[in-house]
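Student: Using our numbering, read the sequence shown as starting at 13 and increasing by one per residue.
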Amino acid sequence: MLKKILAAAVVTAGLLLAAPAAANADDYTSGAPCSVDVSTIQAGDTATVTCIPGTWASSELITWTGSGFDGANIHMASSVTFTKHANADGSDVLHVTLPSTANGVYTITGVGAASGHVCSVSVTVLPADTTATTVNDPGNSGLADTGSVIAEWSIWVGGGLLIVGLVSVAIAAWMRKVRSS
């Protein structure tokens, strides 16, 4: 009976620890996400939006749109809406120059004509008279908070099951010793 209980506990613990991995296995988006080389820049500076190979269909036509406080003056080649073809491998690189009067959050969005894939990035723009050091949080270490893929409760459940298993083994050993004497 004890072996069946321990086997059930081990299977349950395995399922609890495997559930987050199974949830992450499904690809919830079509195409890969794009990224921007900086998250915070000065007004008037240029940000580079990079889409890795496979983000878009081969040589797909992409419509890029910029929006923000002074969105009409964002320069993506010549206007706030710009259309270009992706590379043969589905990648793309876009250089975006923000206006010297820019302030706040700007969003650059690409939409693939064939795949329908939508890819957005955001850039926070500091006014030209503000330096990056004046807006930094003094408590911020500069390291990314990456979080975890395992839910905290599952760690507690797994630890509890481990303790229950150890106690069960100890009781079984004690019972065997008592019976033999």
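A virtual CB, placed ideally from N, CA and C, is assigned to each residue, including glycine.
In this text, all values refer to a predicted model and were calculated from it rather than measured experimentally.
Kindly give me the distance between the Cβ atoms of T58 and H107, rounded to whole angstroms, as I take these residues to be in contact under 8 Å.
Tutor: To locate residue 58, count along the sequence shown from 1; it is residue 46. To locate residue 107, count along the sequence shown from 1; it is residue 95. Correct: roughly 6 Å between the Cβ atoms.
Student: According to DSSP, simplified to helix, strand and coil, what is I12?
Tutor: There is no way to answer for residue 12, as the model of the chain reaches only from 13 to 193.
Student: Let me know if L208 comes out buried or exposed under the rule of 16 or more other beta-carbons within 10 Å of its beta-carbon.
Tutor: In the structure as shown, the chain begins at 13 and stops at 193. Residue 208 is therefore absent and cannot be evaluated.
Student: Does DSSP put L27 in a helix, in a strand, or in coil?
Tutor: Residue numbering aside, residue 27 sits at position 15 when the sequence shown is read from its first letter. L27 falls in the helix class under three-state DSSP.
Student: Taking the alpha carbon of I6 as the reference point, which residue from A182, T75, L29 has its own alpha carbon closest?
Tutor: Outside the displayed span of the chain (13 to 193) sits residue 6, for which this structure offers no information.
Student: Using alpha carbons as the reference points, say which of E164, D101, D49 lies closest to V133.
Tutor: Counting from one through the sequence shown, the residue named residue 133 turns up at place 121. Out of E164, D101, D49, D49 has the C-alpha closest to the C-alpha of V133.
Student: For the alpha helix (DSSP H) containing W186, name the first residue and the last one.
Tutor: Along the sequence shown, one-based indexing puts residue 186 at 174. Counting along the chain, the alpha helix (DSSP H) containing W186 begins and ends at 164-192.
Student: Look up K96 in the DSSP assignment and give the residues it is bridged to.
Tutor: Stepping through the sequence shown from its first residue, residue 96 is reached at position 84. I74, per the DSSP bridge assignment.
Student: Let's test the definition: count the other Cβ atoms within 10 Å of the Cβ of L27 and tell me whether it reaches 16, buried, or not, exposed.
Tutor: Residue 27 sits at position 15 when you count from the first residue of the sequence shown. L27 comes out exposed.
Student: Quick one: which unbroken beta strand (DSSP E) runs of 3-plus residues sit fully inside the segment 96-135? Chain order, please.
Tutor: Fully enclosed beta strand (DSSP E) runs of 3 or longer: 104-109, 116-124.
Student: Taking only the alpha-carbon atoms, compute the straight-line gap between W68 and S47 and give it to the nearest angstrom.
Tutor: As a working mapping, residue 68 is identified with position 56 in the sequence shown. As a working mapping, residue 47 is identified with position 35 in the sequence shown. The alpha-carbon atoms of W68 and S47 are separated by roughly 14 Å.
Student: Under the DSSP definition of a beta bridge, which residues are partnered with T62?
Tutor: Residue 62 sits at position 50 when you count from the first residue of the sequence shown. T62 pairs with S47, V105.
Student: So is T24 buried or exposed if we call it buried at 16+ other beta carbons inside 10 Å?
Tutor: Within the sequence shown, the letter at position 12 stands for residue 24. Label assigned to T24: exposed.
Student: Check S91 in the structure and name its three-state DSSP category.
Tutor: Translated into positions along the sequence shown, residue 91 becomes position 79. Only weak support exists for where S91 lies, its pLDDT of 49 falling under 50; the value from the coordinates is given anyway. In the structure shown, S91 sits in a strand (DSSP, three-state: E or B).
Student: Taking the straight line between their C-alpha atoms, what separation do you get for G171 and I183?
Tutor: Locating residue 171 in the sequence shown gives position 159, where the first residue counts as 1. Locating residue 183 in the sequence shown gives position 171, where the first residue counts as 1. If you take the alpha carbons of G171 and I183, they lie about 18 Å apart.
Student: Whose CA, out of D101, K189, D104, G80, lies closest to the CA of T113?
Tutor: Taking the first residue of the sequence shown as 1, we reach residue 113 at position 101. Residue G80 is the option with its Cα nearest to T113.
Student: Taking 9 Å as the cut-off, decide whether the C-beta atoms of K96 and I64 are in contact.
Tutor: In the sequence shown, counting from the first residue as 1, residue 96 sits at position 84. In the sequence shown, counting from the first residue as 1, residue 64 sits at position 52. Result no, Cβ atoms of K96 and I64 do not sit closer than 9 Å.
Student: Using a 10 Å radius around the Cβ and a threshold of 16 neighbouring Cβ atoms, would you call W168 buried or exposed?
Tutor: For this step, residue 168 is matched to residue 156 along the sequence shown. Under this definition W168 is an exposed residue.
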